[in-house]
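Residue numbers (this note's numbering): 28 to 152. Every residue gets a Cβ at the ideal spot worked out from N, C-alpha and C, and that includes glycine. The model shown is predicted, which means the values in this text are computed figures rather than measured ones.
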Amino acid sequence: MLAALAQQWNIRFDGRPAIGRRVDLDGYVKSPTPICVEAWAHQGPARGAQPHKVMRDFCKLLLVEKLLCVPCRKVFLVCDSVALKFLENSWQGKFADEFGIERVVVNVSEETRQRIREAQVRQRR
């Protein structure tokens, strides 16, 4: 997913932001407006506690921006738009909008989608 975003946006991920604390992002680009990315490789609608995981990722993006002391481009990355449906007409979606968190859907191969679905089945057991 990160490779698809890097190709789509013509960027190269740099590793971790220099914030003096251990906060791991899935993707980071050091630039005048840093790009901070959290990715959720999920297929289908969010279930159970999954919306809470998304909100933790949103908060992590905000924390990194605060610690960097510079406005960042905050991106929540998925490869299935259905996974984001719960954000429509919800306070969580409003939260993302108000804090400038972009929701980006990238295309991945059907093989990758199938591997994700298989992993999700294993995780439910």
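- In the DSSP assignment, Ala-66 falls within the unbroken beta strand (DSSP E) covering 62-67.
- Ile-143 and Gln-35 do not touch by the CB rule: their CB atoms are close to 19 Å apart, not below 8 Å.
- Within the segment 105-133, the alpha helix (DSSP H) runs of at least 4 residues that lie entirely inside it are, in chain order, 118-125.
- Inclusion of Ile-46 and Val-91 in the CB contact set at 8 Å is warranted, their separation being smaller than that value.
- Of the other Cβ atoms in all chains shown, fewer than 16 fall within 10 Å of the Cβ of Val-148; this residue is therefore exposed.
- Out of Pro-72, Lys-57 and Gly-75, the CA that lies nearest to the CA of Gly-42 is found in Lys-57.
- Between the alpha carbons of Val-81 and Trp-67 lies a distance of about 8 Å.
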